[in-house]
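So the protein sequences, as listed, match chains A and G. Going by the numbering used here, the first residue of the first sequence is number 1, and it counts up by one from there. Going by the numbering used here, the first residue of the second sequence is number 1001, and it counts up by one from there.
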Amino acid sequence: MSVLVYTESEEGTFKKIAFEAVSYAKGIADMLGTSVTAISINGNNTDQLGKYGASKVLQVSNDQLQIFNASAYADTIAQAAKSEASHVVIISSSANSKYLAPLLAVNMEAGFVPNVTELPTSTSPFKISSTVFSNKAFATTEITTEKKLIALAKNAFGVLENDTSLTTEAFSPSLSEKDFNTKVASIEKTNDKVTIADADIVVCAATACSKPVSDLGWRPHGEHVGQTGKPVSSNLYIAIGISGAIQHLAGVNSSKVKVVINNDPEAPFFKAADYGIVGDAFEFVPLLIEKLKEFKSNNA
Amino acid sequence: MKILVCISHVPDTTSRINFTEENSKFDTNGVQFVINPNDEFGLTRAMWFKEKQGATVHVVNVGGPETEPTLRKALAIGADEAIRVNAAATDGFYVAKQLANIANEGEYDLIIGGRESIDYNGGMVPGMIAKLTGANFVNMCINIEVEGTKVTAAREIDGGNEIINTNLPLVVAGQKGIVEESDLRIPNMRGIMQARSKPLKVKEPINTNIETKITGFSKPDLKGAVKLVDNVNELINLLHNEAKVI
Chain A
1 MSVLVYTESE EGTFKKIAFE AVSYAKGIAD MLGTSVTAIS INGNNTDQLG
51 KYGASKVLQV SNDQLQIFNA SAYADTIAQA AKSEASHVVI ISSSANSKYL
101 APLLAVNMEA GFVPNVTELP TSTSPFKISS TVFSNKAFAT TEITTEKKLI
151 ALAKNAFGVL ENDTSLTTEA FSPSLSEKDF NTKVASIEKT NDKVTIADAD
201 IVVCAATACS KPVSDLGWRP HGEHVGQTGK PVSSNLYIAI GISGAIQHLA
251 GVNSSKVKVV INNDPEAPFF KAADYGIVGD AFEFVPLLIE KLKEFKSNNA
Chain G
1001 MKILVCISHV PDTTSRINFT EENSKFDTNG VQFVINPNDE FGLTRAMWFK
1051 EKQGATVHVV NVGGPETEPT LRKALAIGAD EAIRVNAAAT DGFYVAKQLA
1101 NIANEGEYDL IIGGRESIDY NGGMVPGMIA KLTGANFVNM CINIEVEGTK
1151 VTAAREIDGG NEIINTNLPL VVAGQKGIVE ESDLRIPNMR GIMQARSKPL
1201 KVKEPINTNI ETKITGFSKP DLKGAVKLVD NVNELINLLH NEAKVI
């Protein structure tokens, strides 16, 4: 009956979102009076999951699952939920989790709510709040099925420490040939830096860009922020020379603090920002970098 | 090749988002509805398959009669036939069940949906259709080539792309990249005239269980006005001491 949480790792290393998902699962488990079981697929150092509230880890070590495969991963998680008799399953909102989520929901016959930002408002009936209309509104959804699948929005809940003693068990899913009908032929990473979706601080125009910049091929589409690009939920978003078209804003609404630097005081972004500087980016940005470096060394 | 493109009828990006009936319903008053942008990218790719590989393209939507202009627009862009499942699109699973039924009846080889609709942002319908029909599935699809039953697709991952080999029958969730923005088509007069005589079939929904229901909406607290600063030191000071993000 424990709450099951899928803890994502890449090349064995847990992602920050895995710890956030465990922290969130612990919150729900406390509400339901139960414990947290984490499922890890080829993750190393599973002990660290205890720090955030997991009391058990189901550890899958399987060479066939070295490369992400949505169907096989969804089947693995569904089987783990069954073996633990878990009715509530928590996942994150990474590209991979978004890929496996609908497959998992149908497999488990679970009511699925994505983009969840906080703990349920009640567990009986089970009501939970999520963002809709590109973060312009919240919806409260009642899940009426016995089983529930919840995808936590990025950077919505935070990583909370909650030291718990942890046991680890090996778990072997039974996978079918059909799970491997889609095969990854190659993977191309545009860079090995932090991706904009995972970033705590996003500087628009440097590590992310607006649509025209991506359309012209100056930066890859993976860095295009907005309605048809990537959504960004960072703690700090600095938009430099970005006017703030409504389609761009749709992608940054869930970032916590927005700073805009623009020489046009009429730029729509000023209406959406928390802090603004009206001025020439070429003058202010080098200054900002210099002062931030100074700040960092003073606060190191 | 028979292609089914799933079209969501959504409020235009610039719409004001308001709710009525004690915050239980989306207020459609004065709202302009469009083809969901992610679906439009997919529809445009379907047009490419029609023109280059002789595919037949049907479009489908779950919604009331008010969604028909959106389907007619898809016909004007070049789809051959439209199907409307006559039901309110209550939740993602319900819509997926209806669409899976249409997919099974029509024996489609390729089903194209969008990465997510820009209203409820669920991103679940294409994957659910795949699981319900037993088809293969590629999410966040940024390229697709079909040769016989063999498919090469590209998917956007966090920080890059991956190339996937798979087979028909297949469901993909498209987004920008499956075609570029500049490839999108505005229906011309001839297309609009032809769309009027193309078939638009209305089907009644199948019975299915409801898994989730939205009980209410709310809007985020109004944001305070932007705080303008005129020097970088003050900005850093505010980010550190007031916003506490650095």
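Backbone N, C-alpha and C fix where the C-beta goes; we use that ideal spot for every residue, glycine too.
- With contacts defined by Cβ atoms closer than 9 Å, A:Phe138 and A:Thr123 do not form a contacting pair.
- Contact with chain A is absent for G:Ile1077, since none of that chain's Cβ atoms lies less than 9 Å from the residue's Cβ.
- Under a 10 Å Cβ-count criterion, G:Asn1104 is classified as exposed, with fewer than 16 other Cβ atoms of the shown protein chains found around its own Cβ.
- The Cβ-Cβ distance between A:Gly158 and A:Glu20 falls below 9 Å.
- Residues of the stretch 153-186 of chain A with a C-beta less than 9 Å from any C-beta of chain G: Lys178, Asn181, Thr182, Lys183, Val184, Ala185, Ser186, listed in chain order.
- For G:Glu1145, there is no enclosing alpha helix (DSSP H); the enclosing beta strand (DSSP E) covers residues 1136-1147.
- Under the Cβ criterion (8 Å, minimum of three pairs), the stretch 1160-1169 of chain G does not count as touching the stretch 141-159 of chain A.
- One alpha carbon belongs to A:Asp30, the other to A:Asn155, and they sit about 21 Å apart.
- Contact between A:Ile28 and A:Val88 holds: CB atoms are separated by about 6 Å, below the 8 Å threshold.
- The contact set of G:Val1138 on chain A, defined by CB atoms closer than 7 Å, consists of Thr182 in chain order.
- Linking G:Asp1080 to A:Ala54 through their CA atoms gives a straight-line distance of about 53 Å.
- Inter-segment contact for the stretch 210-220 of chain A and the stretch 1106-1119 of chain G is absent: fewer than three beta-carbon pairs are separated by less than 8 Å.
- With respect to A:Thr131, A:Asn107 sits apart: the two C-beta atoms are not nearer than 9 Å.
- Within chain G, no C-beta atom comes less than 8 Å from the C-beta of A:Tyr6; the nearest is roughly 15 Å away.
- Among the residues of the stretch 77-99 of chain A, those with a Cβ less than 8 Å away from any Cβ of chain G are Ser94, Ala95, Asn96, Lys98, Tyr99, in the order of the chain.
- Judged by DSSP in its simplified three-state form, A:Val5 adopts strand.
- Per the coordinates, the alpha-carbon of A:Thr37 lies some 45 Å from the alpha-carbon of G:Val1031.
- Note that the C-beta distance between A:Ala272 and A:Leu249 is below 9 Å.
- Non-local beta-carbon contacts of G:His1240 in its own chain, meaning distances under 6 Å to residues more than five positions away in sequence, involve Ile1246 in chain order.
- By the rule that beta-carbons nearer than 9 Å mark a contact, A:Phe282 does not touch chain G.
- The Cβ of A:Thr123 sits no closer than 9 Å to any Cβ of chain G.
- By the rule that beta-carbons nearer than 9 Å mark a contact, G:Gly1042 does not touch chain A.
- Contact between G:Arg1084 and G:Ile1178 does not hold, since the beta-carbon distance rounds to 24 Å and is not under 8 Å.
- With 16 or more other Cβ atoms from the protein chains shown falling within 10 Å of its own Cβ, G:Met1128 counts as buried.
- Here the stretch 1220-1240 of chain G does not lie against the stretch 165-174 of chain A, with fewer than 3 beta-carbon pairs under 8 Å apart.
- At least 9 Å separates the CB of G:Ile1186 from every CB of chain A.
- Legend: CB atoms of the stretch 227-246 of chain A lying less than 8 Å from CB atoms of chain G belong to residues Gln227, Thr228, Gly229, Asn235, Leu236, Ile246.
- Taking CB atoms only, G:Asn1233 has a neighbour in chain A less than 9 Å away.
- Within the model, the alpha-carbon separation for A:Pro125 versus A:Ile150 is close to 15 Å.
- With at least 16 other beta carbons inside 10 angstroms of its own, G:Asp1119 counts as buried.
- Collapsing the DSSP output to three states places A:Ala54 in a strand.
- Neighbours of G:Thr1014 across chain A, judged by C-beta separation under 7 Å: Ile246.
- Excluding sequence positions up to five before and after A:Ser254, its CB lies within less than 6 Å of the CB of Asn135, Ser233, all in the same chain and listed in chain order.
- In the three-state reduction of the DSSP assignment, A:Ala101 falls in the helix class.
- Neighbours of G:Gly1174 in chain A, taken as residues at a C-beta separation under 8 Å, are lacking, since the least C-beta distance is about 11 Å.
- With distances taken between CA atoms, A:Gly226 lies nearest to A:Val252 out of A:Ile41, A:Val252, A:Asn263.
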